[in-house]
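This report concerns only the one structure given below.
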Amino acid sequence: MTGLKLYTYPNNPRAFKALIAAKYVGVQIEVPEFAMGTENKSSKFLKLNPAGKVPVLETPEGGVFESNAIARYVAGLADTGLKGTTDYEQALIDQWVDFATLELDAPFSSWLYPIVMPNVVPYNKQREEAAQAAIKKAFTALEAHLKSHTFLVGQRVTLADIVACCSIFNGITKLTDDTFLKPFPGLKRWFLTLAHQPEFAAVMGPVQLCSSPLKYTPQKKEQAPKKDKAAQQPKKEAAPAAAATPAATAGEEEDTPAAPHPKPKNPLDALPPSKMALDSWKRMYSNTPAKSFREVAIKALWEGGDVPRSQTNEHFEGYDPEGYSMWFCDYKYPEENTVNFIVMNKVGGFLQRLDYVRKYAFGVISILKNESGEFPVKGLWIFRGSGIPPIMLDECVDLELYEWTKVNLSDPKQKALVEDMIVEEDKIAGLELVDTKVFK
Ligand SMILES: N[C@@H](CCC(=O)N[C@@H](CS)C(=O)NCC(=O)O)C(=O)O
């Protein structure tokens, strides 16, 4: 069989199912580059899967969606026994495939998604605990079977093992640590046995069980609602109109419409004035077409420039290392970032939570891609003052997820990296640039 194409984002365990089956039956499946978020919404794709979800297999006869159906189709392309050899075996395979979908995929998704994309699937502790309990129950059932069986059905790998192994792939590599797995030695042995089969390893790569499980990091704002925080602010603080802090929210204003809470003063407003107006440079950057970033925006960053659309021909000075500092930040756990659109969501959420620091900061976040298919995230920040703004340190827990390094502009390599990131060069620090998000 030729002409099979599988549409998916990289490292999608649902896509692994068909790819592993293909290794067993000896067929080639092409996996073209796929822009998740846009291509899966295109009319061409929606004809293949009206739900707009991946994976989707394109065959010479037409499209197939739903990862289990795709894997079953591929498994049937040669007579290798993957689909079972008797009606009874086929029923048992279906039984475990349904079990994997309902008892493993569903609770693992409700455990994992709020952790990796909390702004898309909001976190809820009760839901997480219910998902963990459901996984324990499902693992207990699997353990009871695997204590005395090497594989789920019969004496060799079948579609049941492929599907169930892929269903627990994300959970067992990202969420469940040794303590969680202790009561399930048979399940652990079964998973590792499968992961070491050449057909699995060729698709999944080297697999490591999880040593430090991903955990939801609550936002400080959630722990101590803004309203309470504002109430704790001493009233003696002056209320500079320009101070950007998270204190003013619609909720608070509704509380006391006649006497809004005073906003606390930001220590950065008390710094000696700088001739470089970050705001003016940001406006210039925003008005510069991407292809001219280097000649216009970068030049103005170092040398100064004219404020765009200024009635008074206002000029701003170039970068002022006394009044500002530059920082690189690198996401500490790139191995978590294997799904392009989840990384975008994660970075988007981080920037959204920084709204209150906009006046004092400019940031460029580069989403990169390395040879292992991971998406390392590197940021460049310009901050008012010599350090990370104190209010950001106080308010934004995401900061701890990044390694922060002050940029040394007298090092030509670091200066070139700063420029490359702002210019959005195709390669950043030797890695392919997949996307950039700008905080301005
Ligand atoms: N039951 C489906 C689930 C497919 C699914 O949820 N795909 C996700 C990625 S893992 C997706 O394409 N989401 C995009 C969207 O919902 O827009 C299967 O196993 O194939």
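Going letter by letter, the sequence shown gives residues 1 to 440 in full-length UniProt numbering. Virtual Cβ for every residue (Gly too), placed ideally from N, Cα, C.
Under the three-state reduction of DSSP, E129 is assigned to helix.
Burial is judged here by how many other beta carbons sit within 10 angstroms of a residue's own beta carbon; T173 has at least 16 and is buried. With respect to G305, M284 sits close: the two C-beta atoms are nearer than 8 Å. By the beta-carbon neighbour count (other beta carbons within 10 angstroms, threshold 16), W190 is buried.
Here L112 is actually not in contact with L209; their C-beta atoms are around 16 Å apart, not less than 8 Å. The continuous beta strand (DSSP E) containing T59 extends over residues V56 to T59.
With contacts defined as CB atoms closer than 8 Å, N340 and F375 qualify as a contacting pair. Shortest gap from the CB of P55 to any heavy atom of ligand 1: under 7 Å. Proximity to F34 across K136, V207, L57 and A21 peaks at L57, based on C-alpha coordinates. If the five residues before and after D161 are omitted, its C-beta is found closer than 7 Å to the C-beta atoms of F151, L152 and L194, all from its own chain and listed in chain order. Counting of Cβ neighbours within 10 angstroms places T288 among the buried residues, the total reaching 16 or more. Spatial neighbours of Q132 in its own chain (CB-CB distance under 7 Å, excluding positions within 5 residues in sequence) are listed in chain order as W111. Ligand 1 never approaches G205 closely enough for any of its heavy atoms to be under 7 Å from the residue's Cβ. Going by beta carbons, A202 and K23 fall inside the 8 Å limit. In terms of Cα proximity to Q28, the closest of A78, E424, T436 and A91 is A78. Within the UniProt domain "GST C-terminal" (86 to 219), no run of beta strand (DSSP E) reaches 3 residues while sitting entirely inside it.
In the structure shown, I29 adopts coil according to DSSP, grouped into three states. Here Y324 carries a strand assignment [DSSP, helix/strand/coil]. Taking a 10 Å sphere around the C-beta of E336, we find 16 or more other C-beta atoms and assign the residue as buried.
In the DSSP assignment, I342 falls within the unbroken alpha helix (DSSP H) covering N340 to Q352. If you look at K440, you'll find it isn't in any alpha helix (DSSP H); DSSP assigns it neither H nor E. The residue among G26, I93, V74 and P114 with its C-alpha nearest the C-alpha of G349 is P114. DSSP places E403 inside the beta strand (DSSP E), whose first and last residues are Y402 to K406.
In this structure P389 is buried. Its beta-carbon is surrounded by 16 or more other beta-carbon atoms within 10 angstroms. Where A300 is concerned, the enclosing alpha helix (DSSP H) starts and stops at K299 to E303. With contacts defined as CB atoms closer than 8 Å, V347 and K437 qualify as a contacting pair. For F362, the enclosing beta strand (DSSP E) covers residues A361 to K369. Only residues of its own chain outside the window of five on either side were considered, and among them R14, K17 and P55 have a CB closer than 6 Å to the CB of S67, listed in chain order.
Where F375 is concerned, there is no enclosing alpha helix (DSSP H), because DSSP gives it neither an H nor an E. The three-state secondary structure of Y24, taken from DSSP, is helix.
For ligand 1, no non-hydrogen atom lies closer than 7 Å to the CB of E58. With fewer than three CB-CB distances shorter than 8 Å, the region 126 to 144 does not count as touching the region 355 to 366. For F34, the three-state secondary structure derived from DSSP is coil.
The C-alpha of E425 is placed about 15 Å away from the C-alpha of V296.
Note that the C-beta distance between G323 and S274 is below 8 Å. When the alpha-carbon of L301 is set against those of D87, T405 and V423, the nearest one is in V423.
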